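Enquirer: The structure under discussion is supplied below as structure tokens; questions concerning it will follow.
Chains as they are written, first to last, in the numbering used here: chain A, 4 to 300; chain B, 146 to 572.
The following block contains the structure:
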């Protein structure tokens, strides 16, 4: 592989990896808004919770003698376990379902702050990490091109998550109920759909996407008190570009943001943030519903 | 330190020993009210770990001083408040001064907060000693001659030292340089200082890319890819928050660190997270004013590090030293001023007079206060090594460099960039 090809390969993979991380955070935000019409700022906290717990869980498991290659299943289990916080929080959010959006934002922001204190209490103020355990899966290196296989697994996991959510929503009865509830809650309720159960399931699924996202990403990064808000801001850019409530939109938005960011870092690093928000402004001006969003009837 | 948001740390232990110890000031003020010190330290956000280390340094000092009779015979009592954004921190400062009526306020890690708080301190006429904050807008001093405020060394000291080490040891071994620095004045000024010093010493160089991730960015693979595409001989980085070990991990995974010279002036803020698995040997690694494993450490530093490791299963970074320096120099000044008054508790002007120009032995080495109320302290940097008992890198004992900040920061009233061009550096 020539030097230029290697460099382009590294940049593309870097951008796609960032997109995968963004998608995992944005997907939960999209799903919850799409069905429940709640802008859940705490989706970043679920991401952080998955990351913090995964570190503890993986360390315990590896210290207990589990082999390093078990990292990926351990991370998935950690994310799955932490999704258990979804139902009680959804129960709390019921108080603001029919209230002004500002109440929803305030309550979910309060959750962000409360989670941050919980993280500090349980894991301390210092960032936590998993060292280099993810390199157990090796690297794909050709010439100057080099990417850990684990990063490719995270990209794969994001794609699989996108496909599974798509299949779930379109090919299962429960998925149809979700979409019906998202389209018209009152009508769905009148037709006998248990909307409370639907909401609880959707919120838990959204939580699961966040916790699994955090768990999968933390081996390449670190868990810190600020991580809950780090990706939420970019995730909002993703959902604005893709269209609020649209899962294909989240995927396209994440890919666009990831690649634009990676490209601008090479061409003109000062434009890293500007480039993303120019796209956001462009979408808001030209197609306010986002690339895949539906126009309100 | 396990403290709630507002905590009084009263007479920590050793009260029995202190009661029987014949302190110098015991006859005059042994029954006096406690000496109340207000602390403003970050306990959440990106600087939380620094705040924690600083609070622990203060805790150790208070235990030690109280065991010896306190400050001029008064036991120390801490009132701890959180440093957050400038507005809220100013409100908490005013509460410490007006409601809690503390004798002295210490803390402040962020220069952004320190800059905003400076005029408030002067207005309140409350003796205040910053740990790590300055009153500089970038490199320009905005409060040249405060009366009540004492400030940290310039933020650029560590970058100047690392730059000098890179020039001293690697001159001729690099030409293309890249930077990845936090996107605020600290990161930008550090990178600019490095380049300015290369020019000053006529080092042939070419800056091929400069990356400016926003503070606390935890996903840096695209930055790493951009750096790798540029193929620099040397990378200069003053990353210092949780993003630093993440960058190093991702750079290692992408094989960016292989064969590239690395200059990291502020890496010591995250030193225990700089694991051997992904942090290479031979990089220039700054520990600022406290290197916990310094083979030339004083008995006091060794005692502190042992206490810290035993109590918290961790090793301190430089914020502990900044905090210790603040409280130790305050103690020294109060006692000097009290001595001059025959043992009576001194007035604030007397303490200020005693503090300016004073020197104490801090945890990481000598520290002193200039007449313009800016600190001078001992800086330690060196080359990373894996040859140690820890799982993170330390400094190669044979290649540790120590410099006093009189060699690293501009003198009172000077312009930083002009000073860089004209200063006599010891290389």
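In this text, a Cβ means the ideal position worked out from N, Cα and C, and glycines have one as well. As the structure is a computational prediction, the values presented were derived from the model and not from experiment.
For residue 172 of chain B, count neighbouring C-beta atoms within 10 Å of its own C-beta (all shown protein chains included) and say buried if the count is 16 or more, exposed if not.
Expert: Reliability of the predicted coordinates at residue 172 of chain B is poor, the pLDDT of 42 falling under 50, and the value obtained from them is presented with this limitation in mind. Its Cβ having fewer than 16 others within 10 Å, residue 172 of chain B is exposed.
Enquirer: Do we get a CB-CB distance below 9 angstroms when we pair residue 391 of chain B with the residues of chain A?
Expert: So, interface residue.
Enquirer: Indicate whether residue 265 of chain A and residue 18 of chain A have their beta-carbon atoms separated by less than 9 angstroms.
Expert: Against a cut-off of 9 angstroms, the Cβ pair of residue 18 of chain A and residue 265 of chain A comes out as a contact.
Enquirer: Give me the Cα-Cα distance between residue 474 of chain B and residue 544 of chain B, rounded to the nearest whole angstrom.
Expert: About 30 angstroms.
Enquirer: With DSSP run on the structure shown, which of helix, strand or coil describes residue 132 of chain A?
Expert: Coil at residue 132 of chain A, not helix or strand.
Enquirer: Answer yes or no: do residue 419 of chain B and residue 524 of chain B have a C-beta to C-beta separation smaller than 9 angstroms?
Expert: The answer is no: Cβ separation not under 9 angstroms.
Enquirer: Determine contact between the segment 298 to 309 of chain B and the segment 549 to 557 of chain B, defined as no fewer than three beta-carbon pairs at a distance below 8 angstroms.
Expert: In short, these stretches touch, since the Cβ pair count reaches three.
Enquirer: Less than 9 angstroms between CB atoms is the rule here; does residue 220 of chain A satisfy it with respect to chain B?
Expert: By this cut-off, residue 220 of chain A is an interface position.
Enquirer: Look up residue 511 of chain B in the DSSP assignment and give the residues it is bridged to.
Expert: B/506.
Enquirer: With 7 angstroms as the limit, tell me which residues of the segment 112 to 138 of chain A have their beta carbon closer than that to any beta carbon of chain B; keep them in chain order.
Expert: For the segment 112 to 138 of chain A, which is checked against every Cβ of chain B, the residues closer than 7 angstroms are 119, 123, 128, 129, 130, 132, 134, 135, 138.
Enquirer: Interface residues of chain B around residue 14 of chain A at Cβ under 8 angstroms?
Expert: Within chain B, the residues near residue 14 of chain A are 367, 370, 371, 374.
Enquirer: From the DSSP secondary-structure annotation, give me the bridge partner or partners of residue 352 of chain B.
Expert: According to DSSP, which records beta bridges pairwise, residue 352 of chain B is partnered with B/322.
Enquirer: List the endpoints of the continuous alpha helix (DSSP H) containing residue 6 of chain A.
Expert: Here the alpha helix (DSSP H) through residue 6 of chain A covers 6 to 39.
Enquirer: May I have the straight-line CA-CA distance separating residue 478 of chain B from residue 93 of chain A, to the nearest angstrom?
Expert: Cα to Cα, the separation comes out at about 57 angstroms.
Enquirer: Under a Cβ-count criterion, where at least 16 other Cβ atoms within 10 Å of its own Cβ denotes burial, should residue 174 of chain B be classed as buried or exposed?
Expert: Confidence at residue 174 of chain B is low in this model, with a pLDDT of 48, below 50, so the placement of that residue should be treated as unreliable; the coordinate-derived value is given next. Residue 174 of chain B should be labelled buried.
Enquirer: Residue range of the beta strand (DSSP E) that residue 148 of chain A falls in?
Expert: It spans 148 to 151 - the beta strand (DSSP E) in which residue 148 of chain A sits, taken as one unbroken run.
Enquirer: With a threshold of 9 angstroms between beta-carbons, can residue 150 of chain A be considered close to chain B, or not?
Expert: Yes - at least one Cβ of chain B is within 9 angstroms of the one on residue 150 of chain A.
Enquirer: If we cut at 9 angstroms on Cβ distances, does residue 148 of chain B have a partner in chain A?
Expert: Here residue 148 of chain B scores only 40 on pLDDT, less than 50, and its place in the model is too uncertain to base an answer on.
Enquirer: Determine, using beta carbons only, whether residue 154 of chain A comes closer than 9 angstroms to chain B.
Expert: Closer than 9 angstroms to some Cβ of chain B, the Cβ of residue 154 of chain A qualifies, so yes.
Enquirer: Can you find a CB in chain A that lies within less than 9 angstroms of the CB of residue 358 of chain B?
Expert: Closer than 9 angstroms to some Cβ of chain A, the Cβ of residue 358 of chain B qualifies, so yes.
Enquirer: Report the rounded CA-to-CA distance for residue 346 of chain B versus residue 153 of chain A, giving the unit in angstroms.
Expert: Roughly 44 angstroms between the two C-alpha positions.
Enquirer: Using a Cβ-Cβ cut-off of less than 8 angstroms, list which residues of the segment 256 to 275 of chain A approach chain B; keep chain order.
Expert: Answer in chain order: 261, 264, 265, 268, 269, 272, 273, 275.
Enquirer: Would you kindly work out how many angstroms separate the C-alpha atoms of residue 211 of chain B and residue 334 of chain B, rounded to a whole number?
Expert: Each residue's Cα considered, the two are about 41 angstroms apart.
Enquirer: In angstroms with no decimal places, state the Cα-to-Cα distance between residue 567 of chain B and residue 26 of chain A.
Expert: Approximately 52 angstroms between the Cα atoms of the pair.
Enquirer: Less than 9 angstroms between the C-beta atoms of residue 50 of chain A and residue 243 of chain A, yes or no?
Expert: Going by C-beta atoms, residue 50 of chain A is not nearer than 9 angstroms to residue 243 of chain A.
Enquirer: Looking at residue 435 of chain B: is its Cβ nearer than 9 angstroms to the Cβ of residue 466 of chain B?
Expert: Taking 9 angstroms as the Cβ cut-off, residue 435 of chain B and residue 466 of chain B qualify as a contacting pair.
Enquirer: Buried or exposed for residue 217 of chain A, going by 16 or more other Cβ atoms inside 10 Å?
Expert: Counting Cβ neighbours within 10 Å, residue 217 of chain A comes out buried, since at least 16 surround it.
Enquirer: Between residue 48 of chain A and chain B, is any beta-carbon pair separated by less than 9 angstroms?
Expert: Not one chain B Cβ lies under 9 angstroms of residue 48 of chain A.
Enquirer: Anything in chain B within Cβ reach of residue 24 of chain A, meaning under 8 angstroms, just list it in chain order.
Expert: Those within 8 angstroms of residue 24 of chain A in chain B are 364.
Enquirer: Against residue 20 of chain A, what residues of chain B qualify as contacts under a CB-to-CB distance less than 7 angstroms, listed in chain order?
Expert: Correct list: 366.
Enquirer: Grab the span of the alpha helix (DSSP H) containing residue 284 of chain A for me, first residue to last.
Expert: 275 to 289 is the extent of the alpha helix (DSSP H) around residue 284 of chain A.
Enquirer: Quick check on the burial criterion: 16 or more other C-beta atoms within 10 angstroms. Buried or exposed for residue 519 of chain B?
Expert: Buried, by the Cβ-count rule.
Enquirer: Please check if any C-beta of chain B sits within less than 9 angstroms of the C-beta of residue 234 of chain A.
Expert: Interface residue, yes.
Enquirer: How is residue 548 of chain B classed by DSSP in three states: helix, strand or coil?
Expert: Three-state result, residue 548 of chain B: strand.
Enquirer: Can you give me the Cβ contacts of residue 271 of chain B inside the same chain, cut-off strictly under 7 angstroms, excluding the 5 residues immediately before and after it?
Expert: Counting only Cβ-Cβ distances below 7 angstroms, and skipping sequence neighbours, we find 242, 250, 293.
Enquirer: Cβ closer than 7 angstroms: which chain A residues qualify as neighbours of residue 422 of chain B?
Expert: Those within 7 angstroms of residue 422 of chain B in chain A are 134, 135.
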